[in-house]
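The sequence shown maps to residues 4 to 553 in our numbering. Yeah, the Cβ is synthetic: ideal placement off N, Cα and C, and Gly gets one too. Notes follow the structure.
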Amino acid sequence: MMRSVRGRQMKAVPSERENLQRVVLAAVMVALLIIAAALGLIAWATTSVDAVERTKEEALVQRRLDRSLEQMAEDVNSASIWNDTVVALEGTPDLPWLQTNLGDYYADYMNHVVTIVYSPEGEVVQFSRESESVAPRTQTAFTTAMAPYAAEARRASMAAHRRGATGFSAVFNRSAVVRIGNETWLVAISTIVPEDGTITRPATDPVVISAKPISNLLVSLKSDLAIVNARYLAPGSDATASITVRDNSGAPIGVIAWTPDAPGRALLLDAAPIMLGVVFLLILGSAVLFRWIGDISRALSANEAALTEARDRAEAANEAKSRFLANMSHELRTPLNGVIGMAEVMAVGPLPAPQREALDILRSSAANLTNLIEQILQVTRLERDDVQVTSETFDPAEVIATAVEAHRAAAAGKGLTLTLEGERLGQRRGDSLHLRQIVDSLVDNAVSYTSTGEVTVRTASLGDTIRVVVADTGMGISDHLKPQIFDIFFQGDDSLTKAVGGAGLGLAICSKLVNAMGGAIRLDSEAGQGATFTVDLPMPEATERLPQAA
């Protein structure tokens, strides 16, 4: 009996083991199914995130293309709605004037490459390429492609509602994408109309066409929107991320393609250790999966925020560029007209008193223009971090006094008291040229924005640091404007811009120079209570001494 029971028990053991094996096998299969489902979900989520990101980038690139075309049309209007341009095309066209004020202007300030000017009769009178005048007969491919657009503009200029108007109400402008040979161009077309009714308008308006290659747009996609490997391909080319470029008729003429951002794939690689942990820790699999999905969502939100920020920065940069060009066009044009006009007067005979007065005007205008251009170049160098700070032995007090003295006549002309006070600073090691530029900018700003009272410049020695304080009794600065006071082109509101003038570069240059020299600048001001700028610059005492004047 015992033997048979033992035999039955021995037969029962393998059966229980098999059941246990079946349970384990079933559990393993379920685990594998869960892992497979999880991996499938991860792959789907990764692909979906990348697809959403690609769609957003495509919309962003399309918007940039559309905005670039709109911006070109706005840029062209800055010189096409101008009495002087209409006058330059009356009778025999003034070709040098057209090259300077249209061809050079669009090339130097708008980064346009080609500018074509048509007479009121529809003839090409000026062709400028890369800021150089070229013979139109050598550019037949371009002029032939542009002829329909010029004809369209001339027809549109004959509309009754435009003939009786001036300025923006009279102008016809548009933009287009045009393929010429193997190149694709962004083109802006505008009629040339007077800004007011003080001059006679021709029966048919002249036309100006300005263009730049689409390659310029590709460069801005990388620098402004962080688009990677942007390239221009033939129509129908296969690409992971792309938009189709169409001509005036809607026909595809090319494809802008790029390598799309893949936050899902990048996050998948980062999550690989976690997924291996899921394989070995099935109990924590669900938690890890939910956490991973949460990471995906957060990554998408963060990337969307980054794209939005990049878009806002790009649009802000375009707005700053537009304001810059508008300011510079106005500021440069007035002194330039003074230089040209007075030069013509000087060319006639000797120089009696009236001519001497004209000569003074010429010099003043030239000085203003030179200073403004220098400020623009200085900002460009500072933006590129292309400013070298030197170290030499000099007397800061003499440099500061020279900079202050340069503004004494301007201060006296406004009835202001300009005072320089402070202790001797001794001979120091530092950059004398940049120190003078800093003091010059601060004193110029103080005199410009102070109508009554005084401007005081104080100096002090703080060991190996010198301090320069410029205080005025001017209009002061409101708290909400202080964070922007050192921004490029910032001038407060439009009323200040009209009252004071300038391009809003002085304080920006001053701040950047101070930072480049390792110093610090701060502002203390309240609206209506004047402003005080304090600059601290590291300038150790010199071990060697400059020779004293006899």
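Specify whether the stretch 61 to 77 and the stretch 198 to 208 touch according to this definition: at least 3 beta carbon pairs, one from each stretch, less than 8 Å apart.
No, they do not touch.
Is E395 closer than 9 Å to R432 when the C-beta atoms are compared?
For this step, residue 432 is matched to residue 429 along the sequence shown. For this step, residue 395 is matched to residue 392 along the sequence shown. Yes. Within cutoff.
Please name the residue, chosen from T546, D527, R57, K215, that lies closest to H115 on a Cα-to-Cα basis.
As a first step, residue 115 must be located in the sequence shown, where it is residue number 112. Among T546, D527, R57, K215, the Cα nearest to that of H115 is on K215.
Classify I212 as helix, strand or coil using the three-state DSSP reduction.
Here residue 212 refers to the residue found at position 209 when the sequence shown is read from its first residue. I212 falls in the strand class under three-state DSSP.
Nearest-angstrom Cα separation, counted from I38 out to L279:
Indexing the sequence shown from 1 puts residue 279 at position 276. Indexing the sequence shown from 1 puts residue 38 at position 35. Approximately 10 Å, taken between the alpha carbons.
Buried or exposed for V79, going by 16 or more other Cβ atoms inside 10 Å?
Locating residue 79 in the sequence shown gives position 76, counting from the first residue. Buried, because 16 or more other Cβ atoms sit within 10 Å of the Cβ of V79.
Does the stretch 533 to 548 come into contact with the stretch 461 to 475, if we say contact requires no fewer than three beta-carbon pairs (one atom in each stretch) closer than 8 Å?
yes
The alpha helix (DSSP H) enclosing E155, as first and last residue numbers
Within the sequence shown, residue 155 is the residue found at index 152, counting from 1. Residues 143 to 160.
The stretch 128 to 141 contacting the stretch 101 to 118, beta-carbon criterion three pairs below 8 Å
yes
Would DSSP call R11 helix, strand or coil?
The residue labelled residue 11 in the question sits at position 8 within the sequence shown. Its pLDDT being 41, under 50, R11 is placed unreliably in this model, and the coordinates cannot settle the point.
How big is the Cα-Cα spacing for E544 and G429?
Looking up residue 544 in the sequence shown gives position 541. Looking up residue 429 in the sequence shown gives position 426. Roughly 7 Å between the two C-alpha positions.
Taking 9 Å as the threshold (C-beta atoms), are P263 and T247 in contact?
Sequence index remark: in the sequence shown, residue 247 carries index 244 (1-based). Sequence index remark: in the sequence shown, residue 263 carries index 260 (1-based). Going by C-beta atoms, T247 is not nearer than 9 Å to P263.
Might you give, ordered along the chain, the residues of its own chain that have their beta carbon closer than 6 Å to the beta carbon of I230, omitting 5 neighbours on each side?
On the sequence shown, position 227 is the one that residue 230 refers to. Contacts found: L224, W261.
With burial defined as no fewer than 16 other Cβ atoms inside 10 Å of the residue's Cβ, what is the status of M149: buried or exposed?
Here the question's residue 149 lines up with position 146 in the sequence shown. So M149 counts as buried.
Where T459 and L419 are concerned, what is the direct C-alpha to C-alpha distance, given to the nearest angstrom?
In the sequence shown, residue 459 corresponds to position 456, counting from 1. In the sequence shown, residue 419 corresponds to position 416, counting from 1. Roughly 10 Å between the two C-alpha positions.
K485 burial status per 10 Å Cβ neighbour count (16 or more: buried)
Against the sequence shown, residue 485 aligns to sequence position 482. The residue in question, K485, is exposed, as its Cβ has fewer than 16 Cβ neighbours within 10 Å.
Can you give me the C-alpha to C-alpha distance between V390 and G522, rounded to a whole angstrom?
Position 387 of the sequence shown, counting from 1, holds the residue named residue 390. Position 519 of the sequence shown, counting from 1, holds the residue named residue 522. So the alpha carbons of these two residues sit roughly 15 Å apart.
Return helix, strand or coil for R470, following the three-state DSSP convention.
Here residue 470 refers to the residue found at position 467 of the sequence shown. Strand.
Pair within 9 Å by beta-carbon distance, G456 and Q532:
Reading the sequence shown from its first residue, position 453 is the one you call residue 456. Reading the sequence shown from its first residue, position 529 is the one you call residue 532. Contact flag unset, no.
Assuming V211 and S71 are in contact, meaning their beta carbons sit under 8 Å apart, how far apart are those beta carbons, in whole angstroms?
Numbered from 1 along the sequence shown, position 208 holds the residue referred to as residue 211. Numbered from 1 along the sequence shown, position 68 holds the residue referred to as residue 71. That pair is no contact at about 18 Å.
Express the C-alpha separation of F489 and S514 in angstroms, rounding to a whole number.
Locating residue 514 in the sequence shown gives position 511, where the first residue counts as 1. Locating residue 489 in the sequence shown gives position 486, where the first residue counts as 1. Between S514 and F489, the C-alpha separation is close to 6 Å.
How many Å lie between A145 and I183 at the Cα?
Here residue 145 refers to the residue found at position 142 when the sequence shown is read from its first residue. Here residue 183 refers to the residue found at position 180 when the sequence shown is read from its first residue. According to the sequence displayed, residue 145 carries Phe and not Ala. The alpha-carbon atoms of F145 and I183 are separated by roughly 7 Å.
DSSP state of F175, grouped into three classes?
The sequence position of residue 175 within the sequence shown is 172, counting from 1. Reduced to three states, the DSSP call for F175 is coil.
Considering only the beta carbon of each residue, do R439 and T405 sit closer than 9 Å?
Within the sequence shown, numbered from 1, the residue matching residue 439 stands at position 436. Within the sequence shown, numbered from 1, the residue matching residue 405 stands at position 402. Yes, these two residues count as a Cβ contact at 9 Å.
Can you name the residues that DSSP bridges to S131?
Residue numbering aside, residue 131 sits at position 128 when the sequence shown is read from its first letter. Secondary-structure assignment with DSSP links S131 through a beta bridge to T118, S136.
Give me the DSSP bridge partner(s) of F536.
Along the sequence shown, read from residue 1 onward, the residue named residue 536 stands at position 533. BP columns for F536 point to V473, L526.
Considering Cα atoms alone, identify which of H410, A530, Q487, L436 is closest to A511.
In the sequence shown, counting from the first residue as 1, residue 511 sits at position 508. Of the candidates H410, A530, Q487, L436, the one whose C-alpha sits nearest the C-alpha of A511 is Q487.
Beta-bridge pairing of Y235 - partner residues as DSSP gives them
In the sequence shown, the residue the question calls residue 235 occupies position 232. Here Y235 is bridged, per DSSP, to I259.
G425, DSSP secondary structure in three states
By 1-based counting over the sequence shown, the position of residue 425 is 422. It is a strand residue.
Apart from the five residues on each side of it in sequence, which residues of its chain come closer than 7 Å, Cβ to Cβ, to A413?
Counting from 1 along the sequence shown, the entry for residue 413 is found at position 410. Closer than 7 Å at the Cβ level, and outside the excluded window around A413, lie V450.
Separation of E124 from F175, as counted between CA atoms
Counting from 1 along the sequence shown, the entry for residue 175 is found at position 172. Counting from 1 along the sequence shown, the entry for residue 124 is found at position 121. If you take the alpha carbons of F175 and E124, they lie about 17 Å apart.
When the Cα atoms are used, what is the spatial distance from Q12 to A29?
As a first step, residue 12 is located in the sequence shown; it is residue number 9 there, counting from the start. As a first step, residue 29 is located in the sequence shown; it is residue number 26 there, counting from the start. With a pLDDT of 43 at Q12, under the threshold of 50, the modelled position of that residue is not reliable, and the figure given next carries that caveat. Rounded to whole angstroms, Q12 to A29 spans 26 Å at the Cα level.
I need the boundaries of the alpha helix (DSSP H) containing S223, first residue and last residue.
What you label residue 223 is simply residue 220 of the sequence shown in a count that begins at 1. From DSSP, the alpha helix (DSSP H) with S223 extends over 217 to 228.
Which of helix, strand or coil DSSP assigns to G433:
By 1-based counting over the sequence shown, the position of residue 433 is 430. Residue state, collapsed to three classes: strand.
Can the beta-carbon of T194 be found less than 9 Å from the beta-carbon of R157?
One-based indexing of the sequence shown puts residue 194 at position 191. One-based indexing of the sequence shown puts residue 157 at position 154. Taking 9 Å as the Cβ cut-off, T194 and R157 qualify as a contacting pair.
DSSP bridge partner residues for W188 (one or two, in chain order):
The residue given as residue 188 occupies position 185 in the sequence shown. According to DSSP, W188 bridges with V181, P216.
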